[in-house]
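Residues in the sequence shown are numbered consecutively from -7, following the numbering used here.
Glycine residues also receive a C-beta, built at the ideal position from the N, C-alpha and C atoms.
Remember, it's a predicted structure, so these values are computed and weren't measured experimentally.
Quick notes on the structure that follows.
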Amino acid sequence: MADLRIDCHMHLYETKAAGRREKATYQIWEYGTKDDVVFSPLDGDIEDAEAAMTGAGFDHAVIANLFAVALLDDVLRSASIEVQAERLVAFNRWACEVAATRRQLTVFVAADPTVLGGDPGAAHLREMVEHHGAKGIKIHPVVQRFMPDDPRIHPIYQACVELGIAVLSHAGSARTGAAYAEPRAFANVVRKFPDLRLVLAHLGGGAWRQTAAFADAFPQVSFDLCEIIAWTGAPNAPTSSELAKLILDIGPQRVMLGTDFPWYDLADTANRVMDLPLLSDEQKIGILGANAARILRLPLPLGSPTANP
Ligand SMILES: [Zn+2]
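Structure below.
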């Protein structure tokens, strides 16, 4: 059997138009400029997602949807918090419904402490996990504009600990210079919630130079390599050797392949992992899928996740 291929960080949109809109609105600036970044030509509805997975031979994907008021058009953005909360709930229900009939998809529901934080946010999460099959949450402190240890999200983290589910957070720099999602901003979260199963995306993104020390201080945290692996060699991104060295410093068994689809291409990302210098084939194969199966406790129809070294 071929090695497991799992994408631990994909986005799914209700329509192609919605995906196209968010791709056009979301700015990727923190690595500087690079001419030959390979972006996915797809928009990210379910048809696109399934075609991308099949085309690249992926067995499973985690839908880690972003809910960001800041990225909405003017009309939707000006709605009340109550309306935004209803939209967040509906968006999460929709994602779980799509995944319910597809064993190759796992959903991490969107959480946003401004829109639906505190106990109501935790109650919504419990409902999504206990009755709709969600297996984690996704947060984006930069676009959602909150610090990761904001008390409004503590009840949500606490629910994640009690439910045994993961938190996938965007990680990276903010244009304002605020620490929002730099690795160091998560230190207090891990200290307060040592049993939280935290995953930092993009290996720290534009703040990747903090990641090795953070990973060393907090061995329970895992990472995904989406986006940053497509930007290697850009002015504020690592070279591929520096990226491989960072993965070795962290421990390759703690790093998972993600693509941030529909931004990046699944096959291209898998090829980039296999092309990394310094890492052994066994370490790369773990990154391609087995690590995610183990770390995220995915309900896989294929393979034997616990047999990974
Ligand atoms: Zn993402």
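According to the DSSP assignment, His132 belongs to no beta strand (DSSP E), since it is labelled neither H nor E. Tyr256 is bridged by DSSP to Phe31. Secondary structure at Ala87: helix, using DSSP grouped into helix, strand and coil. Beta-bridge partners assigned by DSSP to Val107: none are found. When DSSP states are grouped into helix, strand and coil, Phe185 belongs to the coil group.
Across the structure, Leu271 and Ile279 are spaced so that their CA atoms are roughly 10 Å apart.
If you check the CB distance, Val107 and Ile129 do not come in under 8 Å.
For Ala10, the enclosing alpha helix (DSSP H) stretches over residues 8 to 17.
Considering only Pro140, Gly281, Trp255, the residue with the shortest C-alpha distance to Tyr5 is Trp255.
Looking at Ile131, Val135, Ala207, Asp27, the one whose alpha-carbon comes closest to that of Ile148 is Ile131. Between the beta-carbon of Leu235 and that of Cys0 there is about 17 Å, and that puts the pair past the 8 Å contact cut. In this structure the segment 223 to 239 touches the segment 256 to 276; the number of beta carbon pairs closer than 8 Å is three or more. Residue side-chain check: Leu58 places its Cβ nearer than 7 Å to a non-hydrogen atom of ligand 1. Within the segment 132 to 166, the runs of alpha helix (DSSP H) at least 4 residues long that lie entirely inside it are, in chain order, 133 to 136, 146 to 155. Cβ-Cβ distances below 7 Å link Gln96 to Met45, Asp51, His52, Ala53 in the same chain, with the five nearest sequence neighbours on each side left out; the list follows chain order. With a cut-off of 8 Å on Cβ pairs, the segment 73 to 91 is in contact with the segment 103 to 120, counting three or more such pairs. Selection Thr251, Val247, Phe253, Gly197 evaluated against Glu274 yields Val247 as nearest (Cα-Cα). Nearest to Asp28 by C-alpha distance, out of Val265, Asp260, Leu288, is Asp260. In terms of Cβ geometry, His146 and Ala193 do not form a close pair [threshold 8 Å].
Counting only unbroken stretches of 3 or more residues, the beta strand (DSSP E) elements lying wholly within the segment 170 to 239 are 189 to 192, 214 to 216, in sequence order. By the beta-carbon neighbour count (other beta carbons within 10 angstroms, threshold 16), Gln19 is exposed. In this structure, Asp252 has its CB closer than 7 Å to one or more heavy atoms of ligand 1. A distance criterion of 7 Å places the beta-carbon of Ala193 in contact range of ligand 1, judged by its closest non-hydrogen atom. For the set Lys276, Thr231, Trp200, the Cα lying nearest the Cα of Lys26 is the one of Thr231. By the criterion of a C-beta distance shorter than 6 Å, Val135 is surrounded in its chain by Ala60, Ala62, once the five residues flanking it on both sides are discounted.
Between Gly24 and the set Thr224, Asp252, Asn283, the nearest pair of CA atoms involves Thr224.
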